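Reviewing the structure listed below.
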Ligand code: AHG
Ligand code: MN
Ligand code: MN
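In my numbering, the protein residues as written are 2 to 336.
Here it is in structure tokens:
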């Protein structure tokens with residue numbers, strides 16, 4: 002049997018390659034993975050663990066929080082605050098940044114996360130996940146502040162997600178391709194199950210919430226309409242559609258067999274650039290997809306080149322198989 006490589010061993014070996022991962026970043030990634038194991042346990046208990054249902058609170062985006070949104074947020078904070086690897090954290094579920102308490106040493110990294118992605122799927126037992134992004138705190142002796150998080154996605158030093166589905170799978174990039182690890186529950190450790198993940202450049206599968214069709218802009222309407230025309234239309238082939246309503250699960254499918262995922266701007270809330278969050282969802286997923294040979298844009302520019310102006314900034318997202326993303330992005334400049 003082929004030798005099993007644990008996440009710990011993988012990270013140690015990455016650390017040896019020209020300091021690709023400094024020791025503090027390795028620790029950070031191990032701690033995030035451990036937190037994801039804890040969240041996975043809570044997810045698995047479901048009704049038996051009292052984790053289903055809604056909490057009595059809203060987050061800063063005005064969304065009603067689920068119990069598991071709050072539990073996952075707490076697990077990530079408690080796991081990460083004492084290790085000395087972080088200066089501060091930011092989360093979709095917290096209004097402001099969480100500075101590491103001064104009873105603990107402060108590190109040089111900033112951790113951002115969507116603690117529980119796909120909240121509407123928790124109670125119906127469909128795949129959900131955690132998405133995270135790691136930045137470096139800007140140089141200098143002053144304390145950390147919210148503005149330090151406002152870095153473009155190309156500045157990320159690590160990004161990943163963990164999908165809690167039939168299997169619990171952790172997907173990671175530190176800028177050297179994408180690796181996947183599957184949780185071995187008996188051993189309690191993540192085991193490397195795929196390296197050098199590649200997204201096929203072409204696809205016949207698209208993911209979008211079709212119920213919003215009447216609210217879309219012309220380029221998105223054109224693209225989807227051409228897919229729907231199938232073999233008789235301008236694309237000359239039939240397309241399939243999937244929409245899980247958990248970005249982690251949709252992106253995981255795309256990493257596994259290709260596809261395009263879109264959550265574009267729409268007319269429901271014309272003043273918001275989109276639904277998804279740049280710092281917690283689009284940047285980490287955009288980088289993972291690019292590292293696997295795919296592309297990620299907002300229709301006009303590369304997601305990773307957007308200079309953020311707010312922590313909870315929203316963005317249009319088009320990502321996945323390169324040729325399809327380029328096609329949709331091209332439609333934005335010609336329509
Ligand atoms: P979250 O649960 O973190 O708020 O994210 C949900 C996101 C994303 O995961 C998914 O693709 C999308 O919202 C689904 O939105 P619709 O319900 O509008 O389809
Ligand atoms: Mn989300
Ligand atoms: Mn969330």
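All C-beta atoms in this analysis are idealised placements derived from N, C-alpha and C, irrespective of residue type, glycine included.
No experiment lies behind these values; they were computed from the predicted model shown.
Check: residue i C-beta below 7 angstroms from any heavy atom of ligand 2
i	result
residue 94	no
residue 282	yes
residue 251	no
Residue i: CB within 7 angstroms of a non-hydrogen atom of ligand 1
i	result
residue 124	no
residue 300	no
residue 30	no
residue 264	yes
residue 322	no
residue 246	yes
Residue span of the alpha helix (DSSP H) that contains residue i, given as start and end
i	result
residue 195	No alpha helix (DSSP H) contains residue 195, which is instead part of the beta strand (DSSP E) from 190-195.
C-alpha distance - residue i paired with residue j, whole-angstrom precision
i	j	result
residue 229	residue 321	18 angstroms
residue 170	residue 237	35 angstroms
residue 188	residue 314	39 angstroms
residue 162	residue 273	25 angstroms
residue 9	residue 215	48 angstroms
residue 6	residue 193	5 angstroms
residue 242	residue 96	35 angstroms
residue 129	residue 148	30 angstroms
residue 182	residue 277	26 angstroms
residue 21	residue 335	41 angstroms
residue 124	residue 34	24 angstroms
residue 311	residue 151	7 angstroms
When the options are compared against residue i, the one with the closest alpha-carbon
i	options	result
residue 41	22, 85, 279, 69	69
residue 309	96, 48, 283	283
residue 275	326, 293, 217	217
residue 160	84, 114, 24	114
residue 88	255, 118, 102	102
residue 291	11, 263, 222, 198	198
residue 84	28, 119, 63, 67	28
residue 222	256, 25, 167, 264	264
Residue i: first and last residue of the uninterrupted beta strand (DSSP E) it sits in
i	result
residue 287	Counting along the chain, residue 287 falls outside any beta strand (DSSP E), though it belongs to the alpha helix (DSSP H) covering 284-292.
residue 65	65-67
residue 264	261-264
residue 58	55-59
residue 206	206-208
Cβ pair residue i, residue j closer than 8 angstroms
i	j	result
residue 318	residue 299	yes
residue 239	residue 232	yes
residue 180	residue 195	yes
residue 252	residue 211	no
residue 375	residue 134	Not covered by the structure: residue 375. The range shown for the chain is 2 to 336.
residue 137	residue 145	no
residue 204	residue 261	yes
Near ligand 3: residue i beta-carbon under 7 angstroms from a heavy atom
i	result
residue 111	no
residue 70	yes
residue 77	no
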